[in-house]
Amino acid sequence: MDKVVDTPAAAVADIADGSSIAVGGFGVVGVPEFLIRALQDQGAKDLEVISNNAGVDGRGLGILLADGRLRRIIASYVGENKEFARQYLSGELEVELTPQGTLAEKLRAGGAGIPGFYTITGAGTQVAEGGMPWKYDSDGNVVKESPAKETKVFDTFGEEKEYVLEKSLAPDYALVRAAIGDRHGNLVFHSSARNFNPPAAQSARITIAEVEKLVEPGEIDPDMVHVPGVFVHRVVPLTPEQVADKPIEKRTVREA
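Mapping to UniProt numbering: the sequence shown position 105 is 105, numbers consecutive.
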């Protein structure tokens with residue numbers, strides 16, 4: 001039951017080329033920074049990543065992008081990372097853009113064993129009709145686009161509306177960051193760092209969590225657990241120096 005792994009390097013050592021990986025975080029908040037750095041050092045390539053965005057230039061998934069290690073990204077947001085946009089538009093990277101709430105639910109449903117679900121989000125748009133650019137060539141021509149999705153009309157609250165069938169996501173691995181974790185893998189996230197971390201953690205076949213504070217089993221109030229240990233396979237405690245390494249995405253100050 002003790003799931004503690006001493007180092008990030010040991011925790012990601014078995015991630016193979018071509019693996020699919022869900023990564024928690026939103027911008028620079030709640031990003032498993034040190035698991036990502038260990039994966040960069042480990043050398044796995046041709047990875048498919050599922051994440052709200054691809055971090056920022058030089059942080060988080062941005063370092064794997066810069067190394068050309070990502071083959072495909074399922075995300076809801078391209079902004080804040082110039083290299084992400086450049087690779088997508090130049091044909092170096094395949095990108096499946098997904099509505100943000102739909103992406104979160106695709107991960108959550110995957111963790112719950114639900115293969116798909118209907119949602120009104122995207123009905124009547126290219127999300128349902130297909131034709132969204134997934135991959136360009138070097139000349140800017142679309143060479144791969146999203147397929148049309150199955151739709152169905154449901155009577156909801158006395159009104160018939162069209163819904164879109166979305167398939168769930170169950171990646172090979174998930175990398176997440178928690179404020180507190182115990183040796184059994186129970187996790188607690190701090191404030192907005194909760195973001196995509198819980199659905200990512202629940203979705204994967206193997207979930208690896210870096211934690212800012214490691215406690216013993218029983219020290220976390222069961223009512224405070226955000227992700228139960230049954231979903232988590234490896235726990236990596238961070239050093240105080242690693243915990244303190246937290247960037248500010250956009251620093252703004254008022255005039256003196």
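The beta carbon of each residue, even a glycine, is placed where N, CA and C say it ideally should be.
If distances are taken between C-alpha atoms only, which option among the options comes closest to residue i?
i: leucine 214; options: Val230, Asp17, Leu187, Glu255; result: Leu187
i: leucine 169; options: Phe196, Leu103, Arg194; result: Leu103
i: glutamate 80; options: Ala256, Glu255, Glu249; result: Glu249
i: valine 23; options: Glu241, Phe34, Asp155; result: Phe34
i: alanine 174; options: Pro198, Arg69, Phe157; result: Pro198
i: asparagine 52; options: Gly30, Gln42, Glu241; result: Gly30
i: glycine 131; options: Lys149, Arg183, Gln100; result: Lys149
i: proline 247; options: Phe26, Asp14, Ser20; result: Phe26
i: leucine 47; options: Val78, Ile73, Glu216, Asp221; result: Ile73
i: glutamine 126; options: Asp245, Pro99, Ala75; result: Pro99
i: lysine 3; options: Gly91, Ala75, Ser19, Pro228; result: Pro228
i: alanine 128; options: Phe157, Arg194, Leu165, Gly158; result: Leu165
i: methionine 1; options: Ile220, His184, Gln242; result: His184
i: aspartate 63; options: Leu39, Glu216, Ala85; result: In the sequence as presented, aspartate is not what sits at residue 63; that position holds isoleucine. For the residues Leu39, Glu216, Ala85, the minimum Cα distance to isoleucine 63 belongs to Leu39.
i: glutamate 83; options: Ala66, Glu96, Asp223, Val95; result: Ala66
i: arginine 194; options: Asp221, Ile220, His226; result: His226
i: glycine 18; options: Val28, Gly68, Tyr118; result: Gly68
i: leucine 107; options: Leu61, Phe196, Asp221, Pro222; result: Phe196
Spatial neighbours of residue i within its chain, please: C-beta separation below 6 angstroms, excluding the five flanking residues on both sides.
i: lysine 167; result: Gly116
i: valine 5; result: Ala11, Arg234, Val236
i: lysine 144; result: Trp134, Lys135
i: leucine 93; result: Gln87
i: histidine 190; result: Ala179
i: glycine 110; result: Ser168, Leu169, Ala170, Ser203
i: serine 76; result: Asn52, Thr98, Gln100, Leu103
i: glutamine 242; result: Phe34
i: serine 20; result: Glu48, Pro171, Asp172
i: valine 95; result: Ile73, Tyr88
Pop quiz: residue i and residue j are said to be a contact at Cβ under 8 angstroms. What is the actual Cβ separation, rounded to whole angstroms?
i: valine 176; j: proline 32; result: 6 angstroms
i: valine 232; j: alanine 201; result: 6 angstroms
i: leucine 70; j: valine 56; result: Not quite, the Cβ-Cβ distance comes to about 15 angstroms (not below 8 angstroms), so this is no contact.
Among the residues of its own chain, which have a CB less than 8 angstroms from the CB of residue i, if the five just before and after it don't count?
i: valine 153; result: Glu160, Lys161, Glu162, Tyr163
i: aspartate 245; result: Glu33
i: glycine 124; result: Glu162
i: residue 275; result: The structure shown does not extend to residue 275, since the chain spans only 1 to 256, so no value can be given for it.
i: valine 28; result: Gly55, Val56, Arg59, Gly60, Lys246, Pro247, Ile248, Glu249
Tell me the DSSP bridge mates of residue i?
i: phenylalanine 26; result: Val29
i: isoleucine 74; result: Ile50, Glu96
i: lysine 144; result: Lys135
i: glutamate 160; result: Asp155
i: arginine 59; result: Val56
i: aspartate 182; result: Val215
i: lysine 167; result: Gly116
i: threonine 207; result: Ala174
i: isoleucine 15; result: DSSP, once it has assigned bridges, lists no residue as partnering isoleucine 15.
i: serine 191; result: Note: serine 191 sits in no beta bridge, so no partner.
Can you give me the Cβ contacts of residue i inside the same chain, cut-off strictly under 7 angstroms, excluding the 5 residues immediately before and after it?
i: isoleucine 181; result: The sequence given here places glycine at residue 181; isoleucine does not occur at that position. These residues qualify, in order along the chain: Leu187, Ala209, Val211, Leu214, Val235.
i: phenylalanine 120; result: The amino acid at residue 120 is misidentified as phenylalanine; the sequence shows isoleucine. Contacts found: Lys161, Tyr163.
i: alanine 16; result: Ala44
i: proline 217; result: Asp182, Arg183, His184
Below 6 angstroms, is the gap between the Cβ of residue i and the nearest heavy atom of the ligand NAD?
i: glycine 181; result: Ligands displayed in this structure: none; no statement on the ligand NAD is therefore possible.
Quick one: does residue i have its CB under 7 angstroms from some CB of chain D?
i: glutamate 219; result: Protein chain content of the structure displayed is limited to a single chain, and chain D is not contained in it.
Notebook entry, point to check: Using 8 angstroms as the Cβ pair cut-off and three pairs as the minimum, do the segment 119 to 139 and the segment 197 to 207 touch?
Noted result: no
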